[in-house]
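Chemist: Once you know that position 4 of the sequence shown is 3 in numbering that gives the first Met the number 0, the rest is easy, because the numbers rise by one and skip nothing.
In this text, a Cβ means the ideal position worked out from N, Cα and C, and glycines have one as well.
Take this structure, written in structure tokens, and hold onto it; I'll ask about it next.
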Amino acid sequence: MNLIWTRQALERLEEIQDFIAQRSSPLIATSFISSLIERAETLKEFPSIGRMVPDLSRIELRELIEGNYRIVYRLLDSSIIILTVFEGHKLLSEEEINIMIA
């Protein structure tokens, strides 16, 4: 399966890296972003490993948890599309998802 990162997801990775670098250190930030990417890479072998997104009632959307972050993705044919990455305590709305998958 192909793993595709949306522009939104890549921008979120940059924002998360900047945030962690400011709060801790650039080395810790880079290490954490690497762990998020590695976690997403596991989807190539096990695309259904993530759970359904509990905030939404959409069967095609799933999420992986890494640390305090949620990696939201969509299975589409032979591709896994990473839609966004965000802090686990935040809720994801239908409106946000509709914008991402439009």
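Can you give me the Cβ contacts of Arg-77 inside the same chain, cut-off strictly under 6 Å, excluding the 5 residues immediately before and after it?
Modeler: Checking the displayed sequence, the identity of residue 77 turns out to be Ser instead of Arg. Met-0, listed in sequence order.
Chemist: In three-state DSSP terms, what is Ile-79?
Modeler: The answer is strand: DSSP assigns Ile-79 an E or B state.
Chemist: If you drop the 5 nearest sequence neighbours on each side, which residues of the same chain put their C-beta closer than 8 Å to that of Pro-46?
Modeler: Contacts found: Met-0, Leu-74, Ile-79.
Chemist: How many whole angstroms separate the CB atoms of Arg-69 and Glu-62, which I take to be in contact at a CB cut-off of 8 Å?
Modeler: 5 Å between Cβ atoms; contact.
Chemist: Go ahead and label Phe-18 buried or exposed: buried means 16 or more other beta carbons lie within 10 angstroms of its beta carbon, across all protein chains shown.
Modeler: With fewer than 16 Cβ atoms within 10 Å of its Cβ, Phe-18 is classed as exposed.
Chemist: Would Ile-15 pass as a contact of Ile-32 if the rule is Cβ separation under 8 Å?
Modeler: Against a cut-off of 8 Å, the Cβ pair of Ile-32 and Ile-15 comes out as a contact.
Chemist: On a Cα-Cα basis, can you pick out the residue from Glu-44, Leu-35, Ser-30, Leu-26 that is closest to Thr-83?
Modeler: Among Glu-44, Leu-35, Ser-30, Leu-26, the Cα nearest to that of Thr-83 is on Leu-35.
Chemist: Among residues of its own chain, excluding the 5 on either side of Leu-2, which ones have a beta-carbon nearer than 8 Å to its beta-carbon?
Modeler: Contacts found: Ala-39, Glu-40, Leu-42, Lys-43, Ser-78, Ile-79, Ile-81.
Chemist: Are Phe-85 and Arg-6 close, meaning C-beta to C-beta below 8 Å?
Modeler: Taking 8 Å as the Cβ cut-off, Phe-85 and Arg-6 do not qualify as a contacting pair.
Chemist: Between Glu-95 and Ser-24, what straight-line distance do the alpha-carbon atoms span, to the nearest angstrom?
Modeler: Each residue's Cα considered, the two are about 30 Å apart.
Chemist: From the DSSP output, read off the bridge partner residues of Arg-69.
Modeler: Paired residue(s): Ile-64, Phe-85.
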